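S.K.: Chains as they are written, first to last, in our numbering: chain S, 407 to 876; chain H, 7 to 361.
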Amino acid sequence: MLALLGENGAGKSTLVKIIAGIYRPDTGALSVDGASVRIESARDAIRHGIGVVHQHFMLVSSLTVLENMQLGIVARAPIAPDRSRYAASAVRSFLIAHEFDVPVERIVGDLPVGLQQRLEVLKTLYWGGQILVLDEPTATLTPDQADDLFARLRSLAKRGHAIVVVTHKLSEALVHCDRVIVLRHGRIALTGNAQDLTAERLAEAIVGAGALAALGRTEGPAGSVALKVSGLCVKDDYGHQAIRDVDIALRRGEVLGLAGVDGNGQTELAEALYGARRPTAGAIQLQDVDVTTSPIHVRQSLGMRDIPPDRTSSGLISRFSVWENLMLEDHALTRRWERLDLAKAKRGAAAAITEFDIRTPNADTTCGRLSGGNQQKVVLARVLNAKPTVLIAEQPTRGLDVRATAYVHRSLLEARARGAAILLISSDLDEVAALADRIAVMFRGSIVDTMVNRNVDRNRLGRLMTGAEA
Amino acid sequence: MLSRLTKSTRLSAVPLRTILWYFSAPVAATTIALVLGAIIIAALGANPLAAYEALLVGALGTKYGLALTIVRTAPLVFAGLAVAVPRRSGLFNIGAEGQLQLGGLVAAAAALTHQNFAVGLLGAIVAGALWAGLAGYLRAWHGVNEVISTIMLNSVAIGIVLLAVQGPLGKQGATYPTTGALPADSLLPFVIPDMRIHAGVALAGLALLISWWLLFRTTIGYRMRAVGLNPVAAHHAGISVPSVMFMSMLVGGAWAGLAGACEVLGVQNQLAQDWSSGWGYTGIVVAFLGGSHPGGIALVALFYGVINAGASNMQFTTGVPGAIVPVIQGLPVLFLVLFVSWRSLPSTRRRRLAV
Numbered sequence: 407m408l409a410l411l412g413e414n415g416a417g418k419s420t421l422v423k424i425i426a427g428i429y430r431p432d433t434g435a436l437s438v439d440g441a442s443v444r445i446e447s448a449r450d451a452i453r454h455g456i457g458v459v460h461q462h463f464m465l466v467s468s469l470t471v472l473e474n475m476q477l478g479i480v481a482r483a484p485i486a487p488d489r490s491r492y493a494a495s496a497v498r499s500f501l502i503a504h505e506f507d508v509p510v511e512r513i514v515g516d517l518p519v520g521l522q523q524r525l526e527v528l529k530t531l532y533w534g535g536q537i538l539v540l541d542e543p544t545a546t547l548t549p550d551q552a553d554d555l556f557a558r559l560r561s562l563a564k565r566g567h568a569i570v571v572v573t574h575k576l577s578e579a580l581v582h583c584d585r586v587i588v589l590r591h592g593r594i595a596l597t598g599n600a601q602d603l604t605a606e607r608l609a610e611a612i613v614g615a616g617a618l619a620a621l622g623r624t625e626g627p628a629g630s631v632a633l634k635v636s637g638l639c640v641k642d643d644y645g646h647q648a649i650r651d652v653d654i655a656l657r658r659g660e661v662l663g664l665a666g667v668d669g670n671g672q673t674e675l676a677e678a679l680y681g682a683r684r685p686t687a688g689a690i691q692l693q694d695v696d697v698t699t700s701p702i703h704v705r706q707s708l709g710m711r712d713i714p715p716d717r718t719s720s721g722l723i724s725r726f727s728v729w730e731n732l733m734l735e736d737h738a739l740t741r742r743w744e745r746l747d748l749a750k751a752k753r754g755a756a757a758a759i760t761e762f763d764i765r766t767p768n769a770d771t772t773c774g775r776l777s778g779g780n781q782q783k784v785v786l787a788r789v790l791n792a793k794p795t796v797l798i799a800e801q802p803t804r805g806l807d808v809r810a811t812a813y814v815h816r817s818l819l820e821a822r823a824r825g826a827a828i829l830l831i832s833s834d835l836d837e838v839a840a841l842a843d844r845i846a847v848m849f850r851g852s853i854v855d856t857m858v859n860r861n862v863d864r865n866r867l868g869r870l871m872t873g874a875e876a
Numbered sequence: 007m008l009s010r011l012t013k014s015t016r017l018s019a020v021p022l023r024t025i026l027w028y029f030s031a032p033v034a035a036t037t038i039a040l041v042l043g044a045i046i047i048a049a050l051g052a053n054p055l056a057a058y059e060a061l062l063v064g065a066l067g068t069k070y071g072l073a074l075t076i077v078r079t080a081p082l083v084f085a086g087l088a089v090a091v092p093r094r095s096g097l098f099n100i101g102a103e104g105q106l107q108l109g110g111l112v113a114a115a116a117a118l119t120h121q122n123f124a125v126g127l128l129g130a131i132v133a134g135a136l137w138a139g140l141a142g143y144l145r146a147w148h149g150v151n152e153v154i155s156t157i158m159l160n161s162v163a164i165g166i167v168l169l170a171v172q173g174p175l176g177k178q179g180a181t182y183p184t185t186g187a188l189p190a191d192s193l194l195p196f197v198i199p200d201m202r203i204h205a206g207v208a209l210a211g212l213a214l215l216i217s218w219w220l221l222f223r224t225t226i227g228y229r230m231r232a233v234g235l236n237p238v239a240a241h242h243a244g245i246s247v248p249s250v251m252f253m254s255m256l257v258g259g260a261w262a263g264l265a266g267a268c269e270v271l272g273v274q275n276q277l278a279q280d281w282s283s284g285w286g287y288t289g290i291v292v293a294f295l296g297g298s299h300p301g302g303i304a305l306v307a308l309f310y311g312v313i314n315a316g317a318s319n320m321q322f323t324t325g326v327p328g329a330i331v332p333v334i335q336g337l338p339v340l341f342l343v344l345f346v347s348w349r350s351l352p353s354t355r356r357r358r359l360a361v
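#1: Taking buried to mean at least 16 other C-beta atoms within 10 Å of its own C-beta, is W261/H buried or exposed?
#2: Name, in chain order, the residues that DSSP records as bridge partners for A687/S.
#3: Just checking my contact of L847/S with I853/S at CB under 8 Å: how many whole Å lie between their CB atoms?
#4: Could you tell me the distance, in whole angstroms, from the CA atom of L193/H to the CA atom of N122/H?
#5: Following the continuous alpha helix (DSSP H) through M251/H, name the residue where it begins and the one where it ends.
#6: Using a Cβ-Cβ distance cut-off of 9 Å, determine whether R231/H contacts chain S.
#7: Alpha carbon to alpha carbon, what distance is there between L421/S and R430/S?
#8: Below 8 Å between beta carbons is the criterion; list the residues of the region 239–251 of chain H that meet it against any residue of chain S, in chain order.
#9: Flag this pair as yes or no: are the beta carbons of L214/H and A304/H separated by less than 9 Å?
#10: Less than 8 Å between C-beta atoms, sequence neighbours within five positions excluded: which residues of the same chain meet that for S777/S?
#11: Note down, in chain order, every chain H residue with its Cβ under 8 Å from the Cβ of E735/S.
#12: So, L638/S versus A687/S, is the Cβ gap smaller than 9 Å?
#13: What separation, rounded to the nearest whole angstrom, lies between the Cα atoms of D550/S and W137/H?
#14: Can you give the Cα-Cα distance for S419/S and I330/H, rounded to whole angstroms?
#15: Starting from N791/S, follow the alpha helix (DSSP H) in both directions and report where the run begins and ends.
#16: Interface residues of chain H around W743/S at Cβ under 9 Å?
#17: Quick one: give me the first and last residue of the alpha helix (DSSP H) that E761/S is part of.
#18: State the DSSP-derived secondary structure class of Q647/S, mapped to helix, strand or coil.
#19: Does the contact criterion of 3 or more C-beta pairs under 8 Å hold for the region 631–645 of chain S versus the region 802–821 of chain S?
#20: Beta-carbon of Y680/S versus every beta-carbon of chain H: anything under 9 Å?
#21: For H454/S, does the three-state DSSP call read helix, strand or coil?
#22: Report the residue ranges of all beta strand (DSSP E) runs contained in full by the region 806–875 of chain S; include only those spanning at least 3 residues, in chain order.
#23: Counting contacts by CB-CB distance shorter than 9 Å, is L732/S in contact with chain H?
#24: Would a check of beta-carbon distances place G721/S closer than 9 Å to chain H?
#25: By the three-class DSSP mapping on this structure, what secondary structure does L188/H have?
#26: With 9 Å set as the bound, which would you pick, yes or no: does the beta-carbon of S724/S sit closer than that to a beta-carbon of chain H?
#27: Between G86/H and A208/H, what straight-line distance do the alpha-carbon atoms span, to the nearest angstrom?
#28: Is it the case that the region 733–753 of chain S contacts the region 242–251 of chain H, given that we only count it when at least three CB pairs across the two stretches are under 8 Å?
#29: So, does the CB of L235/H fall closer than 9 Å to a CB anywhere in chain S?
#30: With distances taken Cα to Cα, identify the nearest neighbour of L72/H among P300/H, R94/H, N314/H and R229/H.
#31: Strictly under 9 Å for the Cβ-Cβ distance: is L26/H near chain S by that measure?
#32: Does the distance from the CB of L175/H to the CB of L277/H come in under 9 Å?
#33: Say whether chain H places a C-beta atom closer than 9 Å to the C-beta of T740/S.
#34: Thinking just about the alpha-carbon of each residue, which of V443/S, Q523/S and E505/S is nearest to the one in N474/S?
#35: Which residues, in order along the region 573–595 of chain S, keep a beta-carbon less than 7 Å from a beta-carbon of chain H?
#36: Using the C-alpha atoms, what's the distance from S700/S back to I226/H?
Rendered as structure tokens:
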């Protein structure tokens, strides 16, 4: 059993999709059992004995267990399916042999999530999978269900199946797998046997531990509390508790760095703070106003801004021009009814392009044509020109090159110097260490410790991030 | 410095190509449709060039033909806008036909009761907007697919019109269900009397200008376009996505209602059973071929107006049945869909690969 680790965007899913025949590699070769193969479709993958269990179930939820199992058998048959495997009795005995004791007539959508996950695995096995690739198989499972899944995977491995588990949960890699590969920025950052590795080494490889660039961060007294969060609880899309009893007091003129391995509730926290997700308990106070359930525009008018983690999906409208994107959060545009002041908008855009050094042919170019770094500068220009009092920056340098990253860092520190209260959410430990006044560590939806960013023990930080020390 | 210069010239050349692309696809689709139409005409034993010539002469060669072309263009402009405005905010208004039918009904009812076209026009705007707004409300706040709801509402609206002309608004003793001639005071005045071009044509032109201004020169239009292109980012920016969607349906429905009113009060001067020749549906095609842009809609509506107005002359002089017209009308859409998907396929693959 091999664990493939890495943060979001490290290239795990891309690799899985190449193996599954969804993407094609530009260069390089794949080989199965020593023979070089070309996998150009899901059907090719199945033919070579590769079974992929995707993060989102690939089951037809309105069909029965039996029909879902038969699907791949039918798909592979040019005319009539192989009766010995298609027959209901064959499916039934296969499922019984794998201790899946659910009537095959049950509709899949009615089954609990844990059983659906097991059915996914069994389905790929039944279709002839020898090599199983599971993309974040425990994302929707409770810890008990996850343990059960790994026990079953272990027994499959003993029977000679090769199993790859893609995850960003370190414990799963260390406890349940034999070997570990860590991806970072699309390259292999670490590879080794699970028994020789520690959670800290993995965390270091995942988030990076390069030399810190010295940034001109001046010490200064933090101002009044601009954002106060107390007892916040938030659920994720699957209804699981993503955030538990989080308290934050964010002061003006400080950067609070939220460190943690991806998937420990950072996204849900940011969404709740910005107003995109409703908390189940607790309170959020912005400039002494209770905004716990207020919509986004109310928070904006109180001076809150957000740099979303994914600029292309939620930060920008890629078919809008640079100037149109630069005014996207302008209150008049989002709420009021009036004439569009084109001249003013273009003047503002020209100034922003110069000030933020946005490399674009002109203000009319659509943002989709810009490079990632320049797209992020557009987001940054829009957000910072609003002179926010509270700024939530989620993974603000993800996917950017060194120069663009440095630029973003400088801009954030300038905003801090102007008195903005900044919550920096990043899975890049170097970034947090370079920018933050205080560091809060998130693990499994809770802030496990908050410390002043001075002479911080990196090893201790790693242990906190992985839950090895509370 | 040099590299920056060359880079910017290379990049700025791209949008021009994009603009050409925008025009090339509908133009190419229409051309292919005309060529295929010619092949069909030849197969029917007529000379395609002569047929097309007769079509053009019939539509543009005489004062009467020109007037007919203009009058036939107006409802297509309205209907095209009725589909295009919601389209800009990401909604597909298949219901322009129903909204138009109700607009016609309200205009006729107002004409009978008030002897005043202004009341009819306003009433039709409100009726169309409310009918579309119902589907918009269901979509925006309750997630009901607007394609399905507007199709269903079309049937309901057509049923209501039938009920009205067979019942309360129907003329006693008529051989088919109709309101009979509407009072002369309630009809739209002519703006060009000697060509019998009614005021609705001017309103259609105004509607084009207003729609363009709304979409590209007001904050609400900006919001509509933002929601249409990326609802997630729009929501993230503080825009109320549901109310913007609802607004765009109101505007679209208003244009459709006006289309019906102008047709009833400007051309037909009565409301009869089966009075609409499906402008609402043609409007979908017009909006689509016109790129949901008022300028494009004007061009496409005019093109369709020409082939509609010239059809009878073509049939009269060359014997080619006018039934060829719907074929030429429909085919461009088929090819445009083909072009658009063919064009977007490699680039989406590329984009997916780049993620």
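The beta carbon of each residue, even a glycine, is placed where N, CA and C say it ideally should be.
Fair warning: this is a prediction, and the values are worked out from it, not measured in the lab.
M.R.: In short:
#1: Counting from one through the second sequence, the residue named residue 261/H turns up at place 255. Label assigned to W261/H: buried.
#2: On the first sequence, position 281 is the one that residue 687/S refers to. In the DSSP output, where bridge partners are listed per residue, A687/S has C639/S.
#3: The count along the first sequence starts at 1 and reaches residue 847/S at position 441. The count along the first sequence starts at 1 and reaches residue 853/S at position 447. The question names Leu, but residue 847/S in the sequence shown is Val. Contact flag correct, Cβ pair sits at about 7 Å.
#4: Along the second sequence, read from residue 1 onward, the residue named residue 193/H stands at position 187. Along the second sequence, read from residue 1 onward, the residue named residue 122/H stands at position 116. Just so you know, the alpha carbons of L193/H and N122/H end up roughly 7 Å apart.
#5: Taking the first residue of the second sequence as position 1, residue 251/H is located at position 245. Here the alpha helix (DSSP H) through M251/H covers V247 to E269.
#6: Reading the second sequence from its first residue, position 225 is the one you call residue 231/H. Judged by the 9 Å Cβ criterion, R231/H is in contact with chain S.
#7: The count along the first sequence starts at 1 and reaches residue 430/S at position 24. The count along the first sequence starts at 1 and reaches residue 421/S at position 15. Taking the straight line joining both Cα atoms gives about 10 Å.
#8: Answer in chain order: A239, A240, H241, H242, A243, G244, I245 and S246.
#9: Walking along the second sequence from the start, residue 214/H turns up at place 208. Walking along the second sequence from the start, residue 304/H turns up at place 298. Contact flag set, yes.
#10: Working through the first sequence from its first residue, we reach residue 777/S at position 371. The residues are R765.
#11: On the first sequence, position 329 is the one that residue 735/S refers to. Per Cβ cutoff of 8 Å: A243 and G244.
#12: Walking along the first sequence from the start, residue 638/S turns up at place 232. Walking along the first sequence from the start, residue 687/S turns up at place 281. In this structure, A687/S lies closer than 9 Å to L638/S by Cβ.
#13: Reading the first sequence from its first residue, position 144 is the one you call residue 550/S. Reading the second sequence from its first residue, position 131 is the one you call residue 137/H. Near 53 Å, if we compare the C-alpha coordinates of W137/H and D550/S.
#14: Locating residue 419/S in the first sequence gives position 13, where the first residue counts as 1. Locating residue 330/H in the second sequence gives position 324, where the first residue counts as 1. Straight-line Cα distance between these residues: approximately 52 Å.
#15: Numbered from its first residue, the first sequence carries residue 791/S at position 385. G778 to N791 is the span of the alpha helix (DSSP H), which, as asked, contains N791/S.
#16: On the first sequence, position 337 is the one that residue 743/S refers to. Those within 9 Å of W743/S in chain H are T224, T225 and I226.
#17: Here residue 761/S corresponds to residue number 355 of the first sequence, with the count starting at 1. Residues L748 to E761.
#18: Residue mapping note: residue 647/S aligns to position 241 of the first sequence, counting from 1. Three-state DSSP puts Q647/S in a strand.
#19: no
#20: Residue 680/S sits at position 274 when you count from the first residue of the first sequence. So, interface residue.
#21: Residue numbering aside, residue 454/S sits at position 48 when the first sequence is read from its first letter. H454/S: coil per DSSP, three-state reduction.
#22: 827–832, 844–849 and 852–858
#23: Reading the first sequence from its first residue, position 326 is the one you call residue 732/S. It does not; no Cβ of chain H falls within 9 Å.
#24: In the first sequence, the residue the question calls residue 721/S occupies position 315. Yes, contact with chain H.
#25: The residue given as residue 188/H occupies position 182 in the second sequence. L188/H: coil per DSSP, three-state reduction.
#26: Position 318 of the first sequence, counted from the start, is the residue given in the question as residue 724/S. At least one CB of chain H lies nearer than 9 Å to the CB of S724/S.
#27: The sequence position of residue 86/H within the second sequence is 80, counting from 1. The sequence position of residue 208/H within the second sequence is 202, counting from 1. Their Cα atoms are separated by approximately 16 Å.
#28: A contact exists between the region 242–251 of chain H and the region 733–753 of chain S.
#29: The residue labelled residue 235/H in the question sits at position 229 within the second sequence. Interface residue, yes.
#30: Walking along the second sequence from the start, residue 72/H turns up at place 66. Residue N314/H is the option with its Cα nearest to L72/H.
#31: Residue numbering aside, residue 26/H sits at position 20 when the second sequence is read from its first letter. L26/H does not count as touching chain S.
#32: On the second sequence, residue 175/H is found 169 positions in, with the first residue counted as 1. On the second sequence, residue 277/H is found 271 positions in, with the first residue counted as 1. Contact: yes.
#33: Sequence index remark: in the first sequence, residue 740/S carries index 334 (1-based). So yes, T740/S belongs to the interface.
#34: If you number the first sequence from 1, residue 474/S lands on position 68. Ranking V443/S, Q523/S and E505/S by Cα distance to N474/S puts Q523/S first.
#35: none
#36: The residue given as residue 226/H occupies position 220 in the second sequence. The residue given as residue 700/S occupies position 294 in the first sequence. Looking at the two C-alpha atoms, the distance is approximately 22 Å.
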